[in-house]
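Student:
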Amino acid sequence: MSLRPSKPDSGPVVELEFGFDDPEYPFVGASATASCRVELEEMVPRGDGTYAEFYSVSGASPSAIEAMAHDHPSVSATVIERYDDGALMEFLVGGDCPAVGLAELGALPRSVVGDDGDGQIVAELPASYDAGEVVSAFQSEYGGELLAKREREAVTPLFSQRELEQALDEQLTDRQREVLEAAFEAGYYDWPRETDGAALADELGISQPTLSEHLTTAERKLLSLVFER
863 MSLRPSKPDS GPVVELEFGF DDPEYPFVGA SATASCRVEL EEMVPRGDGT
913 YAEFYSVSGA SPSAIEAMAH DHPSVSATVI ERYDDGALME FLVGGDCPAV
963 GLAELGALPR SVVGDDGDGQ IVAELPASYD AGEVVSAFQS EYGGELLAKR
1013 EREAVTPLFS QRELEQALDE QLTDRQREVL EAAFEAGYYD WPRETDGAAL
1063 ADELGISQPT LSEHLTTAER KLLSLVFER
């Protein structure tokens, strides 16, 4: 997932946590079929009513996930990169994705995880929204169980500007930083996005899988600065 700097006046948010057990949702069905964990890394609109979702898969053979996905009526899957105990995979899904549904209702999905058939989505909603109405509208369309609703203040910055610049210089390669900055400036991290992965990759003169690799690696390094601090 991507990191965005918090604004000082961003205000409080409502954190919504939903649970899912419907295998029709790929992140649930894939984790159940292969008894593994899948976690959403990127979600890219393709402009034709479909979305490219990039998932990290751990604890399962990528071929098992790919075979399951190809049997799903609205999903196809491609292994982007293989690891010792998993893979980075691209799932092409239709518009019936709960993470997309939450975003369209004004919530920002922070994590989408499937673990051995148990699905979880955590999203943040500005306090100015009616959380009850959003939850009701979401559940009427996508089901799921509301596991938690928490009010909290927006996250405050963990770094000074100088510390952040130093951390970026130490953690990111020049190419990773170039791609990350280009994505930010092009509106790739806005919602709705002002550009998609295909257009951004074309602008940078690289393939879309290479773009995803650069962004995912850079984002993971940035997240390590937060969670391993």
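First residue of the sequence shown: 863, per my numbering; consecutive thereafter. Note that CB positions come from ideal geometry on N, CA and C, so glycine has one too.
Would the segment 903-915 and the segment 1046-1065 be scored as touching if the rule is three or more Cβ pairs under 8 Å?
Tutor: Verdict: yes, contact present.
Student: Of the residues A1045, F1000, T912, which one's Cα is nearest the Cα of D1064?
Tutor: Against the sequence shown, residue 1064 aligns to sequence position 202. Comparing Cα-Cα distances from D1064 to each of A1045, F1000, T912, the minimum goes to A1045.
Student: Indicate the three-state DSSP secondary structure (helix, strand or coil) for R908 in the structure shown.
Tutor: On the sequence shown, residue 908 is found 46 positions in, with the first residue counted as 1. R908 falls in the coil class under three-state DSSP.
Student: Can you give me the start and stop residues for the beta strand (DSSP E) that E915 sits inside?
Tutor: Locating residue 915 in the sequence shown gives position 53, counting from the first residue. Note, E915: beta strand (DSSP E), 913-920.
Student: Using only the alpha-carbon positions, how far apart do G976 and F889 sit?
Tutor: As a position in the sequence shown, residue 976 is number 114, starting the count at 1. As a position in the sequence shown, residue 889 is number 27, starting the count at 1. One C-alpha to the other measures close to 5 Å.
Student: How many whole angstroms separate the CB atoms of A922 and S938, which I take to be in contact at a CB cut-off of 8 Å?
Tutor: Translated into the one-based positions of the sequence shown, residue 922 becomes position 60. Translated into the one-based positions of the sequence shown, residue 938 becomes position 76. Going by Cβ atoms, the distance from A922 to S938 rounds to 18 Å, so no, they are not a contact pair.
Student: Whose C-beta lies closer than 6 Å to the C-beta of T940 among residues of the same chain, with five residues either side of it excluded?
Tutor: Within the sequence shown, numbered from 1, the residue matching residue 940 stands at position 78. Same-chain partners within the cutoff: E952.
Student: So within the segment 944-1026, which uninterrupted alpha helix (DSSP H) runs reach at least 4 residues, ignoring any that extend past its ends?
Tutor: Runs found: 960-966, 993-1004.
Student: Could you pull the start and end residues of the alpha helix (DSSP H) that G1059 belongs to?
Tutor: In the sequence shown, the residue the question calls residue 1059 occupies position 197. It spans 1059-1066 - the alpha helix (DSSP H) in which G1059 sits, taken as one unbroken run.
Student: What does A939 pair with, by DSSP beta-bridge criteria?
Tutor: To locate residue 939, count along the sequence shown from 1; it is residue 77. According to DSSP, which records beta bridges pairwise, A939 is partnered with F953.
Student: According to DSSP, simplified to helix, strand and coil, what is D871?
Tutor: Counting from one through the sequence shown, the residue named residue 871 turns up at place 9. At D871 the pLDDT is 40, less than 50, meaning the model places this residue with poor confidence and gives no usable figure here.
Student: In whole angstroms, what separates the C-alpha of L1087 from that of E879?
Tutor: Taking the sequence shown and counting its residues from 1, one reaches residue 1087 at position 225. Taking the sequence shown and counting its residues from 1, one reaches residue 879 at position 17. Those two C-alpha atoms are separated by around 24 Å.
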